[in-house]
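*Asks:*
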Amino acid sequence: MQMKINNDTYEVITSQDITNIEKAVDKSALTMPLVAVYCGSRLGNDVIYEQAARELGMALADNGMGLVYGGASIGLMGAVADEVIRGGAEAVGVIPTFMLKHEIAHEQLTRLHLTDTMHTRKTVMAEYADAFITLPGGLGTLEEIMEIATWRQLYQHEKPMIILNINGFYDRMIEHLKYTTEQGFMKQEDLERLVVCNTIGDAIDLLQTMVKIDAAVNTEKMAGN
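Converting from the sequence shown to our numbering requires adding 1 to each position, the first position being numbered 1.
(1) Where does the unbroken alpha helix (DSSP H) through Asp-172 begin, and where does it stop?
(2) Using a Cβ-Cβ cut-off of 6 Å (strictly less than) and excluding sequence neighbours within five positions of Val-218, which residues of its own chain qualify?
(3) Kindly indicate which three-state DSSP category Arg-43 falls into: helix, strand or coil?
(4) Is Asn-219 helix, strand or coil by DSSP?
(5) From Ala-80 to Leu-31, what does the alpha carbon distance come to, in whole angstroms?
(6) Where do the N-terminal and C-terminal ends of the beta strand (DSSP E) with Thr-116 fall, by residue?
(7) Run the CB neighbour count on Ser-42, radius 10 Å, all protein chains shown included, and call it buried at 16 or more, exposed below.
(8) Report, in whole angstroms, the separation of the C-beta atoms of Asn-166 and Val-197, which I expect to be a contact under 8 Å.
(9) May I ask you to verify whether the region 9 to 24 touches the region 43 to 53, counting CB pairs closer than 8 Å and requiring at least 3?
(10) For Met-4, which residues from the same chain have a beta carbon less than 7 Å from its beta carbon, with the 5 sequence-adjacent residues on both sides left out?
(11) Could you tell me whether the Cβ atoms of Met-100 and Gly-65 are closer together than 8 Å?
(12) If we ignore side chains and look at the alpha-carbon of each, how far apart do Met-2 and Gln-17 end up?
(13) Taking the alpha carbon of Lys-249 as the reference point, which residue from Leu-207, Ala-73, Glu-104 and His-120 has its own alpha carbon closest?
(14) Are Gly-94 and Gly-71 close, meaning C-beta to C-beta below 8 Å?
(15) Would you check if the region 73 to 87 and the region 107 to 121 touch, i.e. whether three or more CB-CB distances between them fall below 8 Å?
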């Protein structure tokens with residue numbers, strides 16, 4: 002199945018395609034690790050959230066890491082992508098076809114993938130990702146981080162998961178997860194795998210210890226492009 006956006010034709014990745022996810026997602030041409038960033042398609046009511054998204058995008062690019070995200074040009078999603086692209090890093094967007102009427106796809110991405118469903122979108126993003134960071138967001142953002150944490154609990158991946166707790170945004174959620182653990186519905190080890198960072202610097206430091214970043218190979222590949 003194909004779809005046109007601004008005179009460009011895209012193959013739509015379907016739920017059937019992701020039964021062979023390595024074939025559906027070709028990472029061979031990428032020159033750097035990608036971090037999946039989950040965040041809002043809105044900016045929120047405090048400018049600190051947009052500032053954090055932009056700072057994160059700049060920090061990823063400055064430290065040899067690219068982005069995989071929901072593909073939109075709006076909200077915190079657009080802010081983080083803008084700065085990753087401005088910093089010269091790779092940015093991969095993944096967006097379901099039905100959401101194109103709600104979210105404007107970013108036009109300057111390294112790659113844009115269209116998918117048939119939300120589940121396909123999340124599977125493609127997870128395959129691209131070497132790590133996951135959650136910025137503030139709404140229901141979709143909460144659903145994404147909870148699902149990827151569940152996949153880790155079920156041994157579907159072993160990738161780092163970071164909650165970037167900007168301005169204490171996730172304090173109440175973190176307390177609820179602790180309470181869930183205390184009440185016997187969640188293992189302590191699964192709680193501890195959701196690493197909470199209060200600053201972008203702390204998150205980047207953690208990523209640098211957990212994600213392989215081969216600067217020499219990146220430079221060589223980028224010079225050949």
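Beta carbons: idealized from backbone N, C-alpha and C, even for Gly. Note that the coordinates shown come from a computational prediction; the quantities given were computed from them, not determined experimentally.
*Replies:* Inspection of the coordinates gives the following:
(1) Taking the sequence shown and counting its residues from 1, one reaches residue 172 at position 171. Per DSSP, Asp-172 belongs to the alpha helix (DSSP H) from 172 to 183.
(2) Stepping through the sequence shown from its first residue, residue 218 is reached at position 217. Bear in mind that a pLDDT of 38 at Val-218, under 50, signals an unreliable position, so the model cannot answer this.
(3) Here residue 43 refers to the residue found at position 42 of the sequence shown. Three-state result, Arg-43: coil.
(4) Against the sequence shown, residue 219 aligns to sequence position 218. In this prediction, Asn-219 scores a pLDDT of 44, lower than 50, which makes its location untrustworthy; the coordinate-derived value is nonetheless stated afterwards. Helix at Asn-219.
(5) Reading the sequence shown from its first residue, position 79 is the one you call residue 80. Reading the sequence shown from its first residue, position 30 is the one you call residue 31. Going by the C-alpha atoms only, they are around 22 Å apart.
(6) Taking the sequence shown and counting its residues from 1, the one referred to as residue 116 is at position 115. Thr-116 -> beta strand (DSSP E) spans 112 to 116.
(7) Numbered from its first residue, the sequence shown carries residue 42 at position 41. It is buried - the Cβ of Ser-42 has at least 16 other Cβ atoms within 10 Å.
(8) For the purposes of this step, residue 166 is identified with residue 165 of the sequence shown, where counting begins at 1. For the purposes of this step, residue 197 is identified with residue 196 of the sequence shown, where counting begins at 1. Their Cβ separation, rounded to whole angstroms, is 5 Å, which keeps Asn-166 and Val-197 in contact under 8 Å.
(9) Segment contact: the region 9 to 24 against the region 43 to 53, fewer than three CB-CB distances shorter than 8 Å; contact not assigned.
(10) The residue labelled residue 4 in the question sits at position 3 within the sequence shown. So the qualifying residues of the chain are Tyr-11, Val-13, Thr-98 and Leu-115.
(11) Counting from 1 along the sequence shown, the entry for residue 100 is found at position 99. Counting from 1 along the sequence shown, the entry for residue 65 is found at position 64. No, these two residues do not count as a Cβ contact at 8 Å.
(12) If you number the sequence shown from 1, residue 2 lands on position 1. If you number the sequence shown from 1, residue 17 lands on position 16. Straight through space, the alpha carbons of Gln-17 and Met-2 are spaced by roughly 12 Å.
(13) As shown, the chain starts at 2 and ends at 226. That puts residue 249 outside it, with no answer to give.
(14) Working through the sequence shown from its first residue, we reach residue 94 at position 93. Working through the sequence shown from its first residue, we reach residue 71 at position 70. Cβ atoms of Gly-94 and Gly-71: closer than 8 Å.
(15) yes
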